[in-house]
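*Asks:* Okay, handing you the structure first.
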Amino acid sequence: MDSLIQIQYLNKSYGKKKVLKDVCLHLEGGKIIGLLGPNGSGKTTLIKILNGLLKDYEGKILIDGQNIGLHSKKIISYLPDEPYFENWMTTTDALNLFCDLYDDFDLDKALSLMDRMDIEKKIKIKELSKGMKEKFQLALVMSRKAKIYILDEPIGGVDPAARDFILDIILNNYDRDAIVLLSTHLIADIERIFDEVIFIKDGSIVLHEDTEELREKRQASIDTIFREEFRC
Amino acid sequence: MEKFDANIPIYIQVVDIIKREIVNGKLKPGDKILSVREMSIKFGVNPNTIQKALFQLEREGFIRTERAVGKYVSDNEELIEVYKKEYIHTIVLQFVQQMESMGIDRKDIIKYLEEENHG
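Protein chains in written order, with the working numbering: chain A, 1 to 232; chain B, 1 to 119.
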């Protein structure tokens, strides 16, 4: 079977600065994959390209066998690295928006997740704390029955207790054949859920391996290996 | 959520946890074990990691699969007994070596053990 995400020789520049260099990746369904790199390494640029938000790149990308476009947008559930709700919006408005935009959105699931997080309906989103806002957005994104989930820094602003809850949401709600591609620079708290990790450094992929094999081979945690690999 | 040592492959630690549950009777021969998904959520780890752990447990004979029904703890009590003995042996050996490295002889080791009020 072909990989769900195929990227061949992807290059992207902002002006003269190359931000992605010859990125080649084949990602298969049924895996939770960590996209790991320091700030400015190209994680978010790569993610934006996969989501069709940046178009002027070189190289070939196939998602579920097709070019980026309507089909890929339909099967990818995307959590951006910054909130995208308008100031006037309430939690209920956001739920309605997701219902309208996505056929695969499971409203009951979203409501039950909100219930568990003690987030009420009809509350202005901007009045939620940063951590709550992140959890709410993740709940929306994970309530879609998508083939690919792309989560850009989902655990940035939350405290360690909330991180466990977020891992729980991800493990509980992703479809077993789906890809979860999750970018982060906080590895220690989350490495236990990864099947594979990708290290990205200055726009190049420097490592892409099975996490358990990597631990076995190097006798170290992914966090330690990451620190060695990216030592300044 | 279970605490894991991130330096050691997690599936190996899951295998050890389940073996210990079999040894201490929390899981009894013939008991049905949780599904991959349930276990993944219980331990807070990836389902494929659980799959790998179960595969190894099955290969070693600690669990068996009934097609389309689920996985069960093995009835092979001899295997469980052997593992239990090995496990105890490893821990005792480690303990005795540590004590001896502090110059404590066998007689005193036993004395310390008796004095220790566990819990």
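Even glycine gets a Cβ: it sits at the ideal position worked out from N, Cα and C.
1) So, with DSSP's three-state summary, where would you put Lys-73/A?
2) If you reduce the DSSP assignment to three classes, tell me which class Ser-143/A lands in.
3) Of all Cβ atoms in chain A, is any one closer than 8 Å to the Cβ of Val-15/B?
4) Strictly by DSSP, which residues pair up with Leu-10/A?
5) Give me the chain A residues within the contact set of Ile-10/B, using Cβ-Cβ distance strictly less than 7 Å, ordered along the chain.
6) Any beta carbon of chain B sitting closer than 8 Å to that of Arg-163/A?
7) Does Val-45/B have its Cβ less than 8 Å from a Cβ in chain A?
8) When the Cα atoms are used, what is the spatial distance from Cys-99/A to Ile-88/B?
9) What residues from chain A crowd round Phe-4/B, counting only those whose CB sits closer than 7 Å?
10) List the residues of chain A whose Cβ lies closer than 7 Å to the Cβ of Ser-40/B, in chain order.
11) Just by C-beta distance, which residues in the stretch 99-112 of chain A are closer than 9 Å to chain B?
12) Would you say Glu-228/A reaches chain B, if we count a Cβ-Cβ gap shorter than 8 Å as a contact?
13) Starting from the C-beta of Ile-33/A, find all residues in its chain whose C-beta is less than 8 Å away, skip the five residues before and the five after it, and write them out in chain order.
14) Can you name the residues of chain B whose CB is closer than 9 Å to the CB of Leu-20/A?
15) Using 8 Å as the limit for Cβ to Cβ distance, is Lys-71/B near chain A?
16) According to DSSP, is Lys-17/A helix, strand or coil?
17) Are the CB atoms of Ile-33/B and Tyr-72/B within a distance shorter than 8 Å?
18) Listing by chain order, which chain A residues have their CB less than 8 Å from the CB of Lys-52/B?
19) May I ask which residues mark the beginning and end of the alpha helix (DSSP H) holding Leu-4/A?
20) Assign Asp-152/A to one of three DSSP states: helix, strand, or coil.
21) So the candidates are Thr-224/A, Leu-79/A, Gly-52/A and Asn-67/A; which of them puts its Cα closest to the Cα of Lys-153/A?
22) Can you give me the start and stop residues for the beta strand (DSSP E) that His-208/A sits inside?
23) Once DSSP output is grouped into helix, strand and coil, what is the label at Arg-64/B?
24) Which residues in chain A have a C-beta closer than 8 Å to the C-beta of Asn-7/B? List them in chain order.
25) Verify the CB distance criterion: does Asn-76/B have a CB-CB separation below 8 Å to chain A?
26) Are Ile-169/A and Phe-226/A close, meaning C-beta to C-beta below 8 Å?
27) In its own chain, which residues sit with a C-beta less than 7 Å from the C-beta of Asp-175/A, not counting the 5 before and 5 after it?
28) Determine whether the Cβ of Asp-177/A lies closer than 8 Å to any Cβ atom of chain B.
29) In whole angstroms, what is the alpha-carbon distance linking Asn-117/B and Ile-109/B?
30) Tell me the DSSP bridge mates of Gln-132/B?
31) Between the Cα of Gly-37/A and those of Leu-20/A, Gly-30/A, Asp-64/A and Leu-53/A, spot the shortest distance and give me the residue it belongs to.
32) Tell me the start and end of each unbroken beta strand (DSSP E) in the stretch 10-81 of chain B that is at least 3 residues and wholly inside, in chain order.
33) Going by DSSP, which residues form a beta bridge with Gln-66/A?
34) Could you check how far apart the C-beta atoms of Ile-267/A and Lys-122/A are, in whole angstroms? I think they sit under 8 Å.
*Replies:* Quick look at the numbers:
1) For this step, residue 73/A is matched to residue 73 along the first sequence. Helix, per DSSP.
2) Counted from its first residue, the first sequence places residue 143/A at position 143. Looking at Ser-143/A - three-state DSSP - the assignment turns out to be coil, as it is neither helix nor strand.
3) As a first step, residue 15/B is located in the second sequence; it is residue number 15 there, counting from the start. It does not: the Cβ of Val-15/B has no partner Cβ on chain A nearer than 8 Å.
4) For this step, residue 10/A is matched to residue 10 along the first sequence. Val-23/A.
5) For the purposes of this step, residue 10/B is taken as residue 10 along the second sequence, with counting starting at 1. Those within 7 Å of Ile-10/B in chain A are Arg-192 and Glu-212.
6) Position 163 of the first sequence, counted from the start, is the residue given in the question as residue 163/A. False, the Cβ-Cβ gap to chain B never drops below 8 Å.
7) As a first step, residue 45/B must be located in the second sequence, where it is residue number 45. Using a CB distance cut-off of 8 Å, Val-45/B counts as an interface residue toward chain A.
8) By one-based count along the first sequence, residue 99/A stands at place 99. By one-based count along the second sequence, residue 88/B stands at place 88. Cα to Cα, the separation comes out at about 57 Å.
9) One-based indexing of the second sequence puts residue 4/B at position 4. What Phe-4/B touches in chain A: Arg-192.
10) Within the second sequence, residue 40/B is the residue found at index 40, counting from 1. Neighbours of Ser-40/B on chain A, chain order: Leu-171.
11) none
12) In the first sequence, counting from the first residue as 1, residue 228/A sits at position 228. No, no contact with chain B.
13) Taking the first sequence and counting its residues from 1, one reaches residue 33/A at position 33. Around Ile-33/A: Leu-27, Ile-179, Val-180, Leu-181, Leu-182, Phe-194, Asp-195, Glu-196, Val-197 and Ile-198.
14) As a first step, residue 20/A must be located in the first sequence, where it is residue number 20. Here the premise fails: no neighbours, minimum Cβ distance about 27 Å.
15) Taking the second sequence and counting its residues from 1, one reaches residue 71/B at position 71. It does not; no Cβ of chain A falls within 8 Å.
16) Walking along the first sequence from the start, residue 17/A turns up at place 17. When DSSP states are grouped into helix, strand and coil, Lys-17/A belongs to the strand group.
17) For the purposes of this step, residue 72/B is identified with residue 72 of the second sequence, where counting begins at 1. For the purposes of this step, residue 33/B is identified with residue 33 of the second sequence, where counting begins at 1. Result yes, Cβ atoms of Tyr-72/B and Ile-33/B sit closer than 8 Å.
18) Here residue 52/B refers to the residue found at position 52 when the second sequence is read from its first residue. The contacting residues are Glu-212.
19) As a working mapping, residue 4/A is identified with position 4 in the first sequence. No alpha helix (DSSP H) holds Leu-4/A; DSSP gives it neither H nor E.
20) Counting from 1 along the first sequence, the entry for residue 152/A is found at position 152. The answer is strand: DSSP assigns Asp-152/A an E or B state.
21) Position 153 of the first sequence, counting from 1, holds the residue named residue 153/A. At residue 153/A the sequence reads Glu, which differs from the Lys that was named. Nearest option by C-alpha distance: Leu-79/A.
22) By one-based count along the first sequence, residue 208/A stands at place 208. First-last of the beta strand (DSSP E) with His-208/A: 204-210.
23) Against the second sequence, residue 64/B aligns to sequence position 64. The answer is strand: DSSP assigns Arg-64/B an E or B state.
24) Here residue 7/B corresponds to residue number 7 of the second sequence, with the count starting at 1. Result: Arg-215, Gln-219, Ala-220, Ser-221 and Thr-224.
25) Within the second sequence, the letter at position 76 stands for residue 76/B. Not one chain A Cβ lies under 8 Å of Asn-76/B.
26) Residue mapping note: residue 169/A aligns to position 169 of the first sequence, counting from 1. Residue mapping note: residue 226/A aligns to position 226 of the first sequence, counting from 1. It is not a contact, given that the beta carbons lie outside the stated cut-off.
27) Here residue 175/A corresponds to residue number 175 of the first sequence, with the count starting at 1. So the qualifying residues of the chain are Lys-145.
28) Looking up residue 177/A in the first sequence gives position 177. For Asp-177/A, the answer is no, since every Cβ of chain B falls outside 8 Å of its Cβ.
29) Translated into the one-based positions of the second sequence, residue 117/B becomes position 117. Translated into the one-based positions of the second sequence, residue 109/B becomes position 109. One C-alpha to the other measures close to 14 Å.
30) No answer is possible for residue 132/B: it lies beyond the span of chain B, which begins at 1 and ends at 119.
31) Position 37 of the first sequence, counted from the first residue, corresponds to residue 37/A. Gly-37/A has its Cα closest to that of Leu-20/A, out of Leu-20/A, Gly-30/A, Asp-64/A and Leu-53/A.
32) 63-66 and 70-73
33) Indexing the first sequence from 1 puts residue 66/A at position 66. DSSP, once it has assigned bridges, lists Ile-63/A as partnering Gln-66/A.
34) Any property of residue 267/A remains undetermined from this structure, which presents chain A solely from 1 to 232.
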